[in-house]
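Peer 1:
Protein chains in written order, with our numbering: chain U, 1332 to 1797; chain B, 1332 to 1797.
#1: So the candidates are 1454/U, 1419/U, 1407/U, 1737/U; which of them puts its Cα closest to the Cα of residue 1552/U?
#2: Beta-carbon of residue 1573/U versus every beta-carbon of chain B: anything under 8 Å?
#3: With H, G and I counted as helix, E and B as strand and the rest as coil, what does DSSP make of residue 1408/U?
#4: Distance check for residue 1606/B and residue 1339/B, CA to CA, integer angstroms please.
#5: Which two residues bound the contiguous alpha helix (DSSP H) that contains residue 1341/U?
#6: May I ask which residues mark the beginning and end of the beta strand (DSSP E) holding residue 1767/U?
#7: According to the Cβ coordinates, are residue 1662/B and residue 1432/B closer than 8 Å?
#8: Enumerate in chain order the residues of its own chain whose CB-to-CB distance from residue 1342/U is below 6 Å, with the five nearest sequence positions on each side excluded.
#9: Please confirm if residue 1521/B has its CB atom under 8 Å from at least one CB of chain U.
#10: Classify residue 1704/B as buried or exposed, calling it buried when 16 or more other Cβ atoms lie within 10 Å of its own Cβ.
#11: Where does residue 1511/U sit, in a helix, a strand or coil, going by DSSP?
#12: Would you kindly check if the distance between the Cβ of residue 1727/U and the Cβ of residue 1386/U is under 8 Å?
#13: When the Cα atoms are used, what is the spatial distance from residue 1511/B to residue 1501/B?
#14: Exposed or buried, what is residue 1749/B when buried is set at 16 or more other beta-carbons lying within 10 Å of its beta-carbon?
#15: Can you tell which of 1381/B, 1417/B, 1367/B, 1380/B has the C-alpha that lies nearest to the C-alpha of residue 1394/B?
#16: Measure from the C-beta of residue 1657/U to each C-beta in chain B and report whether the shortest distance is under 8 Å.
#17: Quick one: what's got a C-beta closer than 6 Å to residue 1731/U's C-beta in the same chain, skipping five residues either side?
#18: Taking the continuous beta strand (DSSP E) assigned at residue 1735/U, which residues delimit it?
#19: Alpha carbon to alpha carbon, what distance is there between residue 1577/B and residue 1513/B?
#20: Per DSSP, which one or two residues make a beta bridge with residue 1746/B?
#21: Hey, would you say residue 1569/B sits closer than 8 Å to residue 1504/B, going by beta carbons?
#22: For residue 1789/B, decide whether its Cβ has a neighbour in chain U, counting only Cβ atoms nearer than 8 Å.
#23: I'd like the span of the alpha helix (DSSP H) that includes residue 1716/U, first residue to last.
#24: As a quick exercise: from 1430/B, 1451/B, 1695/B, pick the residue whose alpha carbon is nearest that of residue 1718/B.
#25: Using the rule of at least 16 other Cβ atoms within 10 Å of the residue's Cβ for burial, across every protein chain shown, is residue 1404/B buried or exposed?
#26: Assign residue 1501/U to one of three DSSP states: helix, strand, or coil.
#27: Using a C-beta cutoff of 8 Å, does residue 1511/U count as contacting chain B?
#28: Starting from the C-beta of residue 1724/B, find all residues in its chain whose C-beta is less than 7 Å away, skip the five residues before and the five after it, and write them out in chain order.
#29: Taking buried to mean at least 16 other C-beta atoms within 10 Å of its own C-beta, is residue 1565/B buried or exposed?
#30: Can you tell me where the beta strand (DSSP E) holding residue 1601/U begins and where it ends?
#31: Taking beta-carbon pairs under 7 Å, can you tell me which members of the segment 1455 to 1488 of chain B lie near chain U?
#32: Rounded to whole angstroms, what's the CA-CA distance from residue 1581/U to residue 1588/U? Just pull it up for me.
#33: Starting from residue 1672/U, trace the beta strand (DSSP E) both ways and give me its first and last residue.
#34: Just the chain B side, please: which residues come within less than 9 Å of residue 1361/U by C-beta, in chain order?
#35: For the segment 1633 to 1649 of chain U, enumerate the residues whose C-beta is nearer than 7 Å to any C-beta of chain B, in chain order.
#36: Roughly how many angstroms lie between the CA atoms of residue 1586/B and residue 1353/B, to the nearest whole one?
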């Protein structure tokens, strides 16, 4: 018995079936995938206190990945399934040097092209370190040979001049690059001193974000929407899924587990099994009657989830047409945090632009507290400080605040898992929140593998004892 | 009269036609595009002393961009034409942190995953600079506030620990990442000291390559092959093109220009025009009889071109299957220099892998000197030091040494243009070699615009005088 037909639950069903087990997945909703959701024209975003219907034009390109949106190239298990199931992939860009960084408090509120900040930061660091080395300040650490080698490397690292000064570099772009492309190559932008750069917010993870192991290039996305992954998994296990089965009770029993759920007609139904793998997100699980151990109950009750919010719009592709921005992410220190440009369908008339992606924290909580129209209004007001065109061009806004989505009630787990990694008698737990890769589909798969290993070990031991 | 139906010539014809001029392009070959070539099953690569026929399987995915292969997102003119002509684009990856760096002389010849070198380099730089700052070595340059700000920034820049030491970081990946994906998250790789790292060749532009203005993300490529660009331009001006017209003579005349060419039957044919725009590559132009000024002739004769060589193979996608490498470039300091993985068609059975891409220099000259089979053998021998699977899996090798390709005789211009930027009477010159963007299609377009401006100015002045 598997509770929840997200990636963790479907992986469990798929692999345990392959191992010869008979599996049933109870899924509360009418389709599988959990938070792996792609919103298209006519789709409904249901929250506990609102309902939105997606008004995008009907078009294969016009979709909004409301949940997971990218796959690291070393997420080998997920990618293995994509290969096996024929889910077509394309490149996803995190680090677009033509995208922008923005703060109302820096550079007079003018967005800065990422390449300039990055080039100036590299150049400034290389110049300062070269100065220290040349002044023999690091002779305690470095031999004469080390010094010569490192100085040579730094010259290229920062594109320093022959005197190891960071003067000006084409890496930073050319004047007017905010608005146009390759026309102006004559004049270089003046470099900005590191001392100045670091007084802005910009370096705060925005300049290191794509250095992270799970965010480095190459990143990938399914062609046509992330729910292609969910649909592909679902096709494998569709006969194992009982849809619209809302679990109301989970009990350890003497030799297994018993679950009570309301079936699609609302009729209370009981199901027994030797083992139960619970992949229900902790905030939902915490509301379901159970007889778990006190320690398991306590960890479920206290498990924190991100208050992730995303808001998408349909818009003519002004970012490509006016600014030569092809995919990637712009960052702002306003609440909306990120603006995502589509990494596909370049040059088509319209695209889906994500006007706000808030991971968590006070901004996430604040946006979660707003109604759909307020979220859109606030997002447009803030996003238009970055791209003035958002006002007027961006339309059909639709938002999702994961902490208010029924049967999810959170973005992804952020607590350290401990008790839930061990089974409670014959009840096992899985889900991205119980993995080292919280918030990633790869984590959901790994947690499923961990639970399967647990069930199989238990089962083998039980057989041996029997 | 326009000589050469490459991107420069076709841009000239297209835009001058729009301005009301009547244009004819003389093109030596049977199709347009010049060096914008994509090789597919059955295509012939003709060099002055060899001929190869592409043996790839017949498949839309199995193509080899033999010339230009990427478009910077700020190459606005080329991208504008792509938009207007409906050339579909997708993302091209230069900087894949999962690709490899290799030297027979470093790390015992074992390829190193780029992410590790990059993380260790950033970490080492950040640590050294932090040390210098903490030891007050840069107090001449930095205030106390600067120091605090920069130290905080560096901690994140290099992922330093709380004591500003570069200890170990997930950014570098995990043990076993050369071969597998996300399984092992427990143990971090030991960091390597900057002193050691810089003794390898790796930093020599390989770690800075994608920092360059024209190589930064986002890079783009046409879906289906770069010749989609050539075909799209050709469709615009096809009625202006005389194919298989091999120019043998170019003369300034009293009121214009006269060209003699061998038509497709080999018959010498004379054509007169008010203006002539010559886009023929300099090494070819140098062999054509003309009455240019001595200065123009001298610059043509001395114009240097790169000896670019590319060699492609069809292969099962072992780089994805075995190593989780999705697109991008691996680097080696062997002659072959680069290995390119396809940025599209992920997970399909076969792909086209570029086993060698040599820009220029002694390696380029050496490979140009080899025959097709020798090039393949040498490439496989060297590439298998990086990927052992190349021996056995890579097949249907096909090479192009641009310095030996009739009507091109070089990769791209590398001399500084000077005299040729000015017309010689009514003869104007264009082509990538006469632009600030040598080797780029965008440069060819810009040089065409420059020539068009010259013609129009001359024409307006002539009218005023007349």
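Note that CB positions come from ideal geometry on N, CA and C, so glycine has one too.
Peer 2: In this structure, then:
#1: Out of 1454/U, 1419/U, 1407/U, 1737/U, 1419/U has the C-alpha closest to the C-alpha of residue 1552/U.
#2: By this cut-off, residue 1573/U is not an interface position.
#3: It is helical.
#4: Distance between the alpha carbons of residue 1339/B and residue 1606/B is about 16 Å.
#5: That run of the alpha helix (DSSP H) goes 1338 to 1349.
#6: Note, residue 1767/U: premise wrong, no beta strand (DSSP E); not H, not E.
#7: Closer than 8 Å, so yes.
#8: Leaving aside the five residues that flank residue 1342/U on each side, the residues in its chain whose CB is nearer than 6 Å to its CB run, in chain order, 1776, 1779.
#9: Not closer than 8 Å to any Cβ of chain U, the Cβ of residue 1521/B fails to qualify, so no.
#10: Looking at its Cβ environment, which holds fewer than 16 other Cβ atoms inside 10 Å, residue 1704/B is exposed.
#11: Since pLDDT at residue 1511/U reaches only 46, below the 50 mark, its modelled position is unreliable, and the value read off the structure follows with that caveat. In the structure shown, residue 1511/U sits in coil (DSSP, three-state: anything other than H, G, I, E or B).
#12: For residue 1386/U and residue 1727/U, yes; Cβs fall inside 8 Å.
#13: Residue confidence is low: residue 1511/B scores 46 on pLDDT, short of 50, so the model does not pin down where it sits. Its coordinate-derived value is still stated next. Residue 1511/B and residue 1501/B have their C-alpha atoms some 15 Å from each other.
#14: It counts as exposed.
#15: Of 1381/B, 1417/B, 1367/B, 1380/B, the residue nearest in Cα terms is 1367/B.
#16: Closer than 8 Å to some Cβ of chain B, the Cβ of residue 1657/U qualifies, so yes.
#17: Sequence-distant Cβ neighbours of residue 1731/U in its own chain, meaning closer than 6 Å and more than five residues away, are 1376, 1397, 1641.
#18: Note, residue 1735/U: premise wrong, no beta strand (DSSP E); not H, not E.
#19: Here residue 1513/B scores only 46 on pLDDT, less than 50, and its place in the model should not be relied on; the value that follows carries that caveat. Each residue's CA atom was taken as its position, placing residue 1513/B and residue 1577/B some 57 Å apart.
#20: In the DSSP output, where bridge partners are listed per residue, residue 1746/B has none listed.
#21: Pairing residue 1569/B with residue 1504/B gives a Cβ-Cβ distance that is not under 8 Å.
#22: Output row for residue 1789/B: interface = no.
#23: 1703 to 1717 is the extent of the alpha helix (DSSP H) around residue 1716/U.
#24: Nearest of 1430/B, 1451/B, 1695/B to residue 1718/B, Cα basis: 1430/B.
#25: It counts as buried.
#26: In this structure, DSSP gives residue 1501/U a helical state, which the three-state scheme calls helix.
#27: Confidence in residue 1511/U is poor, its pLDDT being 46 and thus under 50, which makes the residue's placement unreliable; the coordinate value appears in the next sentence. Yes, its Cβ sits closer than 8 Å to a Cβ of chain B.
#28: When the five nearest sequence neighbours on each side are left out, the beta carbons in the same chain lying within less than 7 Å of the beta carbon of residue 1724/B are those of 1646, 1647, 1649, in order along the chain.
#29: Flag for residue 1565/B reads buried.
#30: Here the beta strand (DSSP E) through residue 1601/U covers 1599 to 1604.
#31: Only 1456, 1459, 1460, 1462, 1463, 1466, 1468, 1469, 1472, 1473, 1477, 1480, 1481, 1484, 1487, 1488 from the segment 1455 to 1488 of chain B bring a Cβ to less than 7 Å from some Cβ of chain U.
#32: Going from the Cα of residue 1581/U to the Cα of residue 1588/U covers about 7 Å.
#33: Unbroken beta strand (DSSP E) run through residue 1672/U: 1669 to 1672.
#34: Under the 9 Å cutoff, chain B gives no residues; its nearest Cβ is about 30 Å from residue 1361/U.
#35: Identification of residues in the segment 1633 to 1649 of chain U having a C-beta nearer than 7 Å to some C-beta of chain B yields an empty set.
#36: Counting only the Cα atoms, residue 1353/B lies some 16 Å from residue 1586/B.
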